[in-house]
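Participant: When we follow the numbering used here, the leftmost residue of the sequence shown carries the number 125, and every step to the right adds one.
Below you'll find the structure I mean.
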Amino acid sequence: MPRWGIPNGARRDTPKRGMAPELVMKNIILVGFMGTGKSAVGRLLAQRLKWPFLDLDKKIEKDAGRSVAEIFTAEGEAGFRRLEAKAVQDVAGLQSHVIATGGGVMCDEKNVETLKGSGFLVCLTASPEMILERTAPTLSSRPLLSGGDPRERIQALLALRTPFYAKADATMDTTNRTLQDVVEEILKVVNR
Ligand code: S3P
Numbered sequence: 125m126p127r128w129g130i131p132n133g134a135r136r137d138t139p140k141r142g143m144a145p146e147l148v149m150k151n152i153i154l155v156g157f158m159g160t161g162k163s164a165v166g167r168l169l170a171q172r173l174k175w176p177f178l179d180l181d182k183k184i185e186k187d188a189g190r191s192v193a194e195i196f197t198a199e200g201e202a203g204f205r206r207l208e209a210k211a212v213q214d215v216a217g218l219q220s221h222v223i224a225t226g227g228g229v230m231c232d233e234k235n236v237e238t239l240k241g242s243g244f245l246v247c248l249t250a251s252p253e254m255i256l257e258r259t260a261p262t263l264s265s266r267p268l269l270s271g272g273d274p275r276e277r278i279q280a281l282l283a284l285r286t287p288f289y290a291k292a293d294a295t296m297d298t299t300n301r302t303l304q305d306v307v308e309e310i311l312k313v314v315n316r
C-alpha cells in the first residue's frame, strides 16, 4: 500500500492493530454524472493503489437481487434513492477503498455529508456530447435517460445537478482523455 499523506478533506482514521497510522487511509470516492467514467476510472485507480474497488450501483443490485432498471420500474426513483442512501451508509465505514457512486448520489444532502466523512470526493465531468456518446450503448439500462430525447435529458439533468457536484473535494474533466491520464491526475491531487 502506498505511503500517502492524508489528502485534503480526508481524515486519518484509527489504525487497525499493528498497522502504522500513515498506512490507514480513508476512501477515494468518485462522483459525477452518468458517462463521466466513474466505474472505469475507479477500477484502474484501485488497481494502481492495490486497494479494493467497490461500485455502489453493483452493491445496490446485489443487495436487492435486481438491476437498477428493474428497481426503478418496481419502486420508482424514490425507491431506488432509498436503497442508494442505505448503501451509502453501509459503505461509509470502509477504509482504503476506491468507491464509484451513481450519478444522483450527490443530490441528497445526507449522502453528501456521509460520503464526505468517509473519504475524498473526486467529481468526474465530461461534455454533454461525450456523455451522450458514452451512454448511447447502454441507454436501455439507464432509466433517467430513456423515454425521451437523451440529449435533452442529459442537458436538463446536468443543469440541475451542477451545484450538487460542486460539493466534491476536487473536480476532473474526462472529456477526450484516457483512463490512465485521469488516474494519474487523481493520484497527483490526492498526494498534494
Ligand atoms: C443515476 C445514475 C446511475 C444509476 C441510476 C441513477 C443518476 O449510475 O445510479 O440509474 O441518477 O444519475 P451511473 O452514474 O453509474 O450510470
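Ideal Cβ placement from N, Cα and C applies to all residues, glycine included.
This one's a predicted model, so the numbers in the text were calculated from it and none came from an experiment.
Round the Cβ separation of ALA292 and CYS231 to the nearest angstrom and send it over; I've been treating them as touching at under 8 Å.
Facilitator: As a working note, residue 292 is residue 168 in the sequence shown. As a working note, residue 231 is residue 107 in the sequence shown. Not quite, the Cβ-Cβ distance comes to about 13 Å (not below 8 Å), so this is no contact.
Participant: Ignoring anything shorter than 4 residues or poking outside the segment 191-269, list the alpha helix (DSSP H) runs there in chain order.
Facilitator: 192-215, 233-242, 252-259
Participant: So, using beta-carbon positions, are VAL222 and ALA170 closer together than 8 Å?
Facilitator: As a first step, residue 222 is located in the sequence shown; it is residue number 98 there, counting from the start. As a first step, residue 170 is located in the sequence shown; it is residue number 46 there, counting from the start. Yes, the Cβ-Cβ distance between VAL222 and ALA170 is below 8 Å.
Participant: Would you kindly work out how many angstroms separate the C-alpha atoms of LEU239 and LEU282, rounded to a whole number?
Facilitator: On the sequence shown, residue 239 is found 115 positions in, with the first residue counted as 1. On the sequence shown, residue 282 is found 158 positions in, with the first residue counted as 1. Between LEU239 and LEU282, the C-alpha separation is close to 21 Å.
Participant: Secondary structure at ALA294, three-state DSSP: helix, strand or coil?
Facilitator: As a working mapping, residue 294 is identified with position 170 in the sequence shown. It is a strand residue.
Participant: At a cut-off of 7 Å, would you count GLY228 as near the ligand S3P, judging by its Cβ distance to the nearest heavy atom?
Facilitator: Position 104 of the sequence shown, counted from the start, is the residue given in the question as residue 228. Yes.
Participant: Could you tell me the boundaries of the alpha helix (DSSP H) in which ASN315 lies?
Facilitator: Translated into the one-based positions of the sequence shown, residue 315 becomes position 191. Run containing ASN315: 303-315, per the alpha helix (DSSP H) assignment.
Participant: Cβ atoms of SER191 and SER264: under 8 Å apart, would you say?
Facilitator: For the purposes of this step, residue 264 is taken as the residue at position 140 of the sequence shown. For the purposes of this step, residue 191 is taken as the residue at position 67 of the sequence shown. Contact flag unset, no.
Participant: Can you name the residues that DSSP bridges to GLY156?
Facilitator: For the purposes of this step, residue 156 is taken as residue 32 along the sequence shown, with counting starting at 1. Note: GLY156 sits in a beta bridge opposite LEU248.
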